[in-house]
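Let me begin by presenting the structure, written as structure tokens, before commenting on it.
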Amino acid sequence: AEISGGTLLTYVSCSYSKYLEEKEFRAMSARAEYERNLAEAARLQAFVDKFGASATKAASAQSRVKMLEKMKKEGKLTPPPVSIVSVGRDPELILPDPPKAVGEELLVLENANIGHDPDEEPLLKNINLVIPRGIKLLLRGPNGAGKSTLLKALRGNLKLIDGTRTENEKLRVGVFTQDLAQELDANAKAVDLVTAYAREGEDGNILVSDKDARSVMGRLNLGGEKPLRKVGELSGGEKARVALSMFALKASNLLMLDEPSNHLDVGCIDALAKALSNWGGREGSVVVISHDRAFCEEVGFTHVGTVMNGKLVLEQRSLRDSDWERYDIGAANNA
């Protein structure tokens with residue numbers, strides 16, 4: 328028997344070699360179940376984010392909110408102790424230094440009305456948001472309030488219904504979303520995807536080699552022959568590490584992350600939080616949507632934005648205990 332993460336684990340009639348095999352099997356099984364639960368939670372959350380404000384699908388969205396709450400209550404989204412102490416070294420993530428921008432403002436939204444259908448009422452109205460250099464902003468709010476929609480508008484992936492979006496001429500955006508790992512080409516080799524992404528675009532670096540990519544992947548415990556496998560042959564957690572490797576190889580001065588911990592295992596969540604905490608200085612900025620309290624507290628946000636009732640209230644402050652208990656935009660206005 329052994330105590331792991333505060334839990335007593337028993338191994339009956341095992342030799343030492345059998346114990347090691349059983350321990351690794353339990354760790355892999357626990358990780359696999361945890362990843363399945365995270366994937367299901369991400370699917371439910373995506374439906375809520377997309378249809379939470381829809382008059383025709385509000386009931387369906389609310390039903391999925393209850394399913395998410397049930398999963399949390401049952402501990403299905405809590406990392407299992409076995410996976411925390413599984414064998415192997417802790418993952419490590421090193422983000423490249425941010426390129427220097429021109430001036431203080433990286434990205435600005437002015438009088439922005441934001442929604443998915445210009446013929447319907449905007450989900451978010453009259454949004455004014457300035458992203459300066461050096462900010463670490465957490466977007467919080469109830470499910471379906473429009474956090475992911477706001478992030479898409481900031482990225483430029485969603486056209487504004489009204490208003491303007493202005494970006495710094497030296498803006499370099501890095502994105503990590505909860506769905507990124509699921510969008511990877513299943514037939515491509517993992518290392519080829521990472522290398523190609525690092526090289527492509529105006530902000531790419533054609534000098535990045537497969538060796539560079541495998542080094543980043545190895546620090547995330549995707550070593551050995553795994554980088555040479557097709558993405559479709561990898562587990563959900565391994566796919567997420569491939570996506571994280573892509574995110575880590577291209578230099579950016581504005582990082583945007585939407586529920587980044589939804590598909591990552593515990594070690595990678597911790598590695599990402601530490602990397603974001605130490606990254607940026609006066610040059611780089613971070614905008615994050617996350618409900619993971621431990622992750623958010625490790626990052627160390629400088630600003631909190633509350634998205635609710637079609638509005639955004641921005642506060643320059645660190646996180647409070649009350650941020651995890653309720654969403655009160657009136658309290659934010661009076662703070």
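Counting in the working numbering, the sequence shown runs from 328 upward without gaps.
Every residue gets a Cβ at the ideal spot worked out from N, C-alpha and C, and that includes glycine.
Problem - Three-state secondary structure assigned by DSSP to Asn455 - result: Looking up residue 455 in the sequence shown gives position 128. Look at Asn455 here: in three-state DSSP terms it is strand.
Exercise for the section: Return yes when the Cβ of Pro407 is within less than 7 Å of the Cβ of Phe503, no when it is not. Expected result: Here the question's residue 503 lines up with position 176 in the sequence shown. Here the question's residue 407 lines up with position 80 in the sequence shown. Result no, Cβ atoms of Phe503 and Pro407 do not sit closer than 7 Å.
Exercise for the section: Please state if the CB of Val558 and the CB of Ile515 are separated by a distance shorter than 7 Å. Expected result: As a position in the sequence shown, residue 515 is number 188, starting the count at 1. As a position in the sequence shown, residue 558 is number 231, starting the count at 1. The question names Ile, but residue 515 is Ala in the sequence shown. Yes, the pair counts as a contact, with Cβ atoms nearer than the cut-off.
Practice task
Determine contact between the segment 542-562 and the segment 466-479, defined as no fewer than three beta-carbon pairs at a distance below 8 Å.
Solution key: In this structure the segment 542-562 does not touch the segment 466-479; the number of beta carbon pairs closer than 8 Å is below three.
Problem - Three-way DSSP call (helix, strand, coil) for Gly473 in this model - result: Numbered from its first residue, the sequence shown carries residue 473 at position 146. Gly473: coil per DSSP, three-state reduction.
Practice task
Would you decide whether Ala373 is buried or exposed? Buried here means 16 or more other CB atoms lie within 10 Å of its CB.
Solution key: Indexing the sequence shown from 1 puts residue 373 at position 46. Residue environment: Ala373 is assigned as buried (16 or more neighbouring CB atoms within 10 Å of its CB, all protein chains considered).
Problem - Gln643: first and last residue of the uninterrupted alpha helix (DSSP H) it sits in - result: Within the sequence shown, residue 643 is the residue found at index 316, counting from 1. Gln643 -> not in any alpha helix (DSSP H); beta strand (DSSP E) instead, spanning 638-643.
Problem - Spatial neighbours of Pro423 in its chain, beta-carbon cut-off 7 Å, leaving aside the 5 residues before and after - result: Within the sequence shown, the letter at position 96 stands for residue 423. Contacts found: Ala578.
Handout entry: CB contact flag (Met573, Val521, <7 Å)
Key = Residue numbering aside, residue 573 sits at position 246 when the sequence shown is read from its first letter. Residue numbering aside, residue 521 sits at position 194 when the sequence shown is read from its first letter. Yes, the Cβ-Cβ distance between Met573 and Val521 is below 7 Å.
Problem - Member of Ala523, Glu624, Thr405, Met544 whose CA lies at the smallest distance from the CA of Asp648 - result: Along the sequence shown, one-based indexing puts residue 648 at 321. Residue Glu624 is the option with its Cα nearest to Asp648.
Practice task
With a 10 Å radius around its C-beta and 16 neighbouring C-beta atoms as the bar for buried, classify Arg568 as buried or exposed.
Solution key: Position 241 of the sequence shown holds residue 568. It is buried - the Cβ of Arg568 has at least 16 other Cβ atoms within 10 Å.
Handout entry: Helix, strand or coil at Ala515 [DSSP, three-state]
Key = Position 188 of the sequence shown, counting from 1, holds the residue named residue 515. Three-state DSSP puts Ala515 in coil, outside helix and strand.
Problem - beta strand (DSSP E) segment containing Glu565, residue limits - result: Stepping through the sequence shown from its first residue, residue 565 is reached at position 238. No beta strand (DSSP E) contains Glu565, which is instead part of the alpha helix (DSSP H) from 563-576.
Practice task
Helix, strand or coil for Ser579, going by three-state DSSP, please let me know.
Solution key: By 1-based counting over the sequence shown, the position of residue 579 is 252. Three-state result, Ser579: coil.
Problem - Length of the line joining the Cα atoms of Val626 and Ser604 - result: In the sequence shown, counting from the first residue as 1, residue 626 sits at position 299. In the sequence shown, counting from the first residue as 1, residue 604 sits at position 277. Val626 and Ser604 have their alpha carbons spaced roughly 4 Å apart.
Exercise for the section: Report the rounded CA-to-CA distance for Ala598 versus Arg363, giving the unit in angstroms. Expected result: Residue 598 sits at position 271 when you count from the first residue of the sequence shown. Residue 363 sits at position 36 when you count from the first residue of the sequence shown. Going by the C-alpha atoms only, they are around 21 Å apart.
Problem - Expected contact under 8 Å - CB spacing of Ser612 and Leu581 to nearest Å - result: To locate residue 612, count along the sequence shown from 1; it is residue 285. To locate residue 581, count along the sequence shown from 1; it is residue 254. About 5 Å; that satisfies the 8 Å criterion.
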